[in-house]
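**Q** Quick one: this structure, given as structure tokens, is what I'll be asking you about.
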Amino acid sequence: MSAVRGEFSSRFGFIMAAAGSAVGLGNIWGFPTQTASNGGAAFLVAYLVLAFFLAYPALMAELMIGRHGQANAVVSLTKVSNKPWQKHFAFIVGFGGILCAGFILSFYAIVAGWMLSATAQPIAALAGADAASTWLSEQSLTRNVIFTLVFIVLTIAIISRGVENGIEKWSKRLMPALLGILFLLIAYVLTQEGAMEGLKAYLLPDFSSIFDTQLIVSALGQAFFSLSLGTSVMIIYGSYISKKENLVSLGAYVTLIDVFIAFVAGLLIIPAMYVAQAQGVEIFSASGKLLSEDTLVFQVLPALFEGMGSVGLFVGFAFFALMSIAALTSSISMLEAPVSYAVERFAMKRIQATWVIGALIAVVSITIVCNLGALFGLVITLTTKVAQPLLGLMCCIFVGWIWYRNSLLQAIQQGNPEVQTTLFWKIWPWYTKFVCPIAIGAVFVHSLLS
Ligand code: PHE
């Protein structure tokens, strides 16, 4: 461990930071929406199985590579490479992941900006500033530009402080706050009319649709996006973990928390949709399909909160503050990917690197905001449906096919000396070698075809 590198100071700090990266708009918005549009509880079952049996092994591959390398993604991948072509491959995968993280941040900041303006709106309404409240709740170029920039500056402010004082300190504060708000909202929503119907749709599976290919493909994609795989983020977070820690259990905790929060978010959003429906808001078409996935949060939920009277302003504020918090603990991990590379590769000062890269990402973000129709969906598709699965697959190939087995075992034994006798070591190397690449490859091919 070189003296200049940051490191998570505690186990709890790492778990909060990595879980903070994993838990984001993907869990709290993407997962419930996908569940609602893919057969409710059947999707939940598929997601749970795939998250534990496929995404967790892939997460372990990325964390292992990072902890072994103790460096940014490019250097860490190079360290497990042996032949010259493998080192070139390492650069492509590592740098590709860093680029991917940057582009994900550029669209994520826009959605997070919507969350921020939706958080500010109830405050304006409470203060009686009606014009401001209307401006905050309506889509406009100025509003989108301002809030996207505010979100990027917040992300920069945290990342420029480094690992321990920035990422770790803020994740430790924000993550528990997020869980607290989530539970309060669930308690409220479950007392409302219609909530039980939503709960049934969420928890009672219709097993006839569980083997639907589209459902499985979506559930796998959701699990990989949700664990921030294929973006070099988990390689970098892995590199900040001390060699004294047991990585197998740390990775398991992160997966458990990520899946748990997605599950809990489902307990809020799905009943909330049915409550809104009971209040006359149209959510499903006559054929039972979700009417509009993109606008669900921004139209249906504010309508639901409005139906609560003045208390709805507080509930709305709490809900969107929760979404913003979740987005922020994810966005800081996305920015850390390019920043750690610039700091280590070009010996830039952290503050300088953060502002320069943050500004570049802001330029891309604003370009997307100005061409929302043409670029927004395109960037999302290219990063999450193409780059993430492909790069995640490559990381599994590094662990399964390139990294020498003995060196891999030595790396994983640090902090976990008994690992060789465990079930994990009997299954995981085989899994990452065959099952993960084939399964991710299948998702990739499928998403290209559909
Ligand atoms: N996992 C985050 C979420 O669920 C998104 C993310 C993707 C974060 C890639 C980092 C890297 O919202």
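Numbering (our numbering), first residue to last: -10 to 439.
Even glycine gets a Cβ: it sits at the ideal position worked out from N, Cα and C.
Quantities reported herein were computed from a predicted structural model and do not represent experimental measurements.
Does the beta-carbon distance from VAL243 to PHE41 come in below 9 Å?
**A** Taking the first residue of the sequence shown as 1, we reach residue 243 at position 254. Taking the first residue of the sequence shown as 1, we reach residue 41 at position 52. Contact: no.
**Q** Quick check: what's the CA-CA separation for VAL34 versus ALA120?
**A** For the purposes of this step, residue 34 is taken as the residue at position 45 of the sequence shown. For the purposes of this step, residue 120 is taken as the residue at position 131 of the sequence shown. Approximately 45 Å between the Cα atoms of the pair.
**Q** I need the straight-line Cα distance from LEU192 to ALA25, nearest angstrom please.
**A** Within the sequence shown, numbered from 1, the residue matching residue 192 stands at position 203. Within the sequence shown, numbered from 1, the residue matching residue 25 stands at position 36. C-alpha separation (whole angstroms): 11 Å.
**Q** Under the DSSP definition of a beta bridge, which residues are partnered with LEU279?
**A** Counting from one through the sequence shown, the residue named residue 279 turns up at place 290. Bridge partners of LEU279: PHE273.
**Q** With a threshold of 8 Å (Cβ to nearest heavy atom), would SER319 be considered close to the ligand PHE?
**A** Locating residue 319 in the sequence shown gives position 330, counting from the first residue. Under cutoff, so the answer is yes.
**Q** Give me every residue whose Cβ sits closer than 6 Å to any heavy atom of the ligand PHE, in chain order.
**A** Here the list is SER10, ALA11, GLY13, LEU14, GLY15, ASN16, ALA90, ILE93, PHE214, SER215, SER217, THR220, VAL222, SER319, SER322 and MET323.
**Q** Go ahead and label ARG339 buried or exposed: buried means 16 or more other beta carbons lie within 10 angstroms of its beta carbon, across all protein chains shown.
**A** If you number the sequence shown from 1, residue 339 lands on position 350. Buried is the call here.
**Q** Excluding sequence positions up to five away, which residues of its chain have a Cβ less than 6 Å from the Cβ of ILE170?
**A** Here residue 170 refers to the residue found at position 181 of the sequence shown. Counting only Cβ-Cβ distances below 6 Å, and skipping sequence neighbours, we find ALA307 and LEU311.
**Q** What residue from TYR330, GLN402, LEU14 and GLN268 has the CA that sits closest to LYS232's CA?
**A** Numbered from its first residue, the sequence shown carries residue 232 at position 243. Taking only the C-alpha atoms, the option nearest LYS232 is GLN402.
**Q** For the candidate residues LEU437, LEU438 and VAL432, whose alpha-carbon lies nearest to that of ALA44?
**A** To locate residue 44, count along the sequence shown from 1; it is residue 55. Of the listed residues, the one whose Cα sits closest to ALA44 is VAL432.
**Q** Comparing alpha-carbon positions, which option in ILE17, ILE156 and ILE93 lies nearest THR372?
**A** Along the sequence shown, one-based indexing puts residue 372 at 383. Measuring from the Cα of THR372, the nearest candidate turns out to be ILE93.
**Q** Could you pull out every residue in the same chain whose Cβ sits closer than 8 Å to the Cβ of LEU125, ignoring the five residues on either side in sequence?
**A** Along the sequence shown, one-based indexing puts residue 125 at 136. So the qualifying residues of the chain are SER106, ALA107, ALA109, GLN110, ALA113 and ARG132.
**Q** Pull up the distance between the alpha-carbon of ILE427 and that of LEU66, whole angstroms please.
**A** As a working note, residue 427 is residue 438 in the sequence shown. As a working note, residue 66 is residue 77 in the sequence shown. Cα to Cα, the separation comes out at about 21 Å.
**Q** So, is GLY366 buried or exposed, given that buried needs 16 or more other C-beta atoms within 10 angstroms?
**A** On the sequence shown, residue 366 is found 377 positions in, with the first residue counted as 1. Classification of GLY366: exposed, given that the 10 Å Cβ count is below 16.
**Q** Rounded to whole angstroms, how far is the Cβ of MET394 from the Cβ of LEU236, which I believe are closer than 8 Å?
**A** For the purposes of this step, residue 394 is taken as the residue at position 405 of the sequence shown. For the purposes of this step, residue 236 is taken as the residue at position 247 of the sequence shown. Looking at the sequence itself, residue 394 is Arg, so the reference to Met does not match. Rounded, the Cβ-Cβ distance is 17 Å, inconsistent with contact.
**Q** SER231 by DSSP, collapsed to three states: which one?
**A** Within the sequence shown, numbered from 1, the residue matching residue 231 stands at position 242. Note: SER231 maps to coil in three-state DSSP.
**Q** How should CYS359 be labelled, buried or exposed, when 16 other C-beta atoms within 10 angstroms of its C-beta is the threshold for buried?
**A** Looking up residue 359 in the sequence shown gives position 370. By the 10 Å Cβ count, CYS359 comes out exposed.
**Q** In whole angstroms, what is the alpha-carbon distance linking TYR420 and ILE147?
**A** Translated into positions along the sequence shown, residue 420 becomes position 431. Translated into positions along the sequence shown, residue 147 becomes position 158. Cα to Cα, TYR420 sits roughly 36 Å from ILE147.
**Q** How many angstroms separate the CA atom of TYR36 from the CA atom of MET337?
**A** Here residue 36 is taken as the residue at index 47 of the sequence shown, counted from 1. Here residue 337 is taken as the residue at index 348 of the sequence shown, counted from 1. Cα to Cα, TYR36 sits roughly 41 Å from MET337.
**Q** Measure the C-alpha to C-alpha separation of SER(-2) and GLU153 and round it to an integer number of angstroms.
**A** The sequence position of residue -2 within the sequence shown is 9, counting from 1. The sequence position of residue 153 within the sequence shown is 164, counting from 1. Straight-line Cα distance between these residues: approximately 7 Å.
**Q** Between the C-alpha atoms of ALA11 and GLY2, what's the straight-line distance to the nearest angstrom?
**A** For the purposes of this step, residue 11 is taken as the residue at position 22 of the sequence shown. For the purposes of this step, residue 2 is taken as the residue at position 13 of the sequence shown. Computed Cα separation, rounded: 14 Å.
**Q** Nearest to LYS72 by alpha carbon, out of TRP392, LEU397 and SER396?
**A** The residue given as residue 72 occupies position 83 in the sequence shown. For the residues TRP392, LEU397 and SER396, the minimum Cα distance to LYS72 belongs to TRP392.
**Q** Assign THR220 to one of three DSSP states: helix, strand, or coil.
**A** As a first step, residue 220 is located in the sequence shown; it is residue number 231 there, counting from the start. DSSP places THR220 in coil when its eight states are reduced to three.
**Q** Among the candidates ASN61, SER329 and ILE259, whose CA atom is the shortest distance from the CA of GLU186?
**A** Numbered from its first residue, the sequence shown carries residue 186 at position 197. Among ASN61, SER329 and ILE259, the Cα nearest to that of GLU186 belongs to ILE259.
**Q** If you check the beta carbons only, do TRP159 and ILE321 fall under 9 Å apart?
**A** As a working note, residue 159 is residue 170 in the sequence shown. As a working note, residue 321 is residue 332 in the sequence shown. Yes, the pair counts as a contact, with Cβ atoms nearer than the cut-off.
**Q** With SER95 and ILE350 assumed to form a contact (beta carbons below 8 Å), what rounded beta-carbon distance in angstroms separates them?
**A** Start at 1 with the first residue of the sequence shown, and residue 95 comes out as number 106. Start at 1 with the first residue of the sequence shown, and residue 350 comes out as number 361. Contact flag correct, Cβ pair sits at about 5 Å.
**Q** Can you list, in chain order, the residues of its chain with a C-beta nearer than 7 Å to that of MET(-10)? Leave out the 5 residues immediately preceding and following it.
**A** Counting from 1 along the sequence shown, the entry for residue -10 is found at position 1. Because MET(-10) sits at a pLDDT of 35, beneath the cut-off of 50, its placement in the model cannot be relied upon, and the point is left open.
**Q** Going by other Cβ atoms of all chains shown within 10 Å of its Cβ, with 16 needed for buried, is ALA31 buried or exposed?
**A** Mapped onto the sequence shown, residue 31 falls at position 42. Buried, by the Cβ-count rule.
**Q** Closer than 7 Å by C-beta to ALA8: which residues in its own chain qualify, once you throw out the five before and the five after it? Chain order, please.
**A** Position 19 of the sequence shown, counting from 1, holds the residue named residue 8. MET164, VAL243, ILE246 and ASP247, listed in sequence order.
**Q** Quick check on DSSP: helix, strand or coil for ALA336?
**A** What you label residue 336 is simply residue 347 of the sequence shown in a count that begins at 1. Coil, per DSSP.
**Q** Are the beta-carbon atoms of ALA98 and PHE140 separated by less than 9 Å?
**A** Locating residue 98 in the sequence shown gives position 109, counting from the first residue. Locating residue 140 in the sequence shown gives position 151, counting from the first residue. It is a contact, given that the beta carbons lie within the stated cut-off.
**Q** Taking only beta-carbon positions, decide if GLU186 is within less than 9 Å of chain C.
**A** The structure shown contains no chain C; it is built from a single protein chain.
**Q** Using a 10 Å radius around the Cβ and a threshold of 16 neighbouring Cβ atoms, would you call VAL434 buried or exposed?
**A** Here residue 434 corresponds to residue number 445 of the sequence shown, with the count starting at 1. Under this definition VAL434 is an exposed residue.
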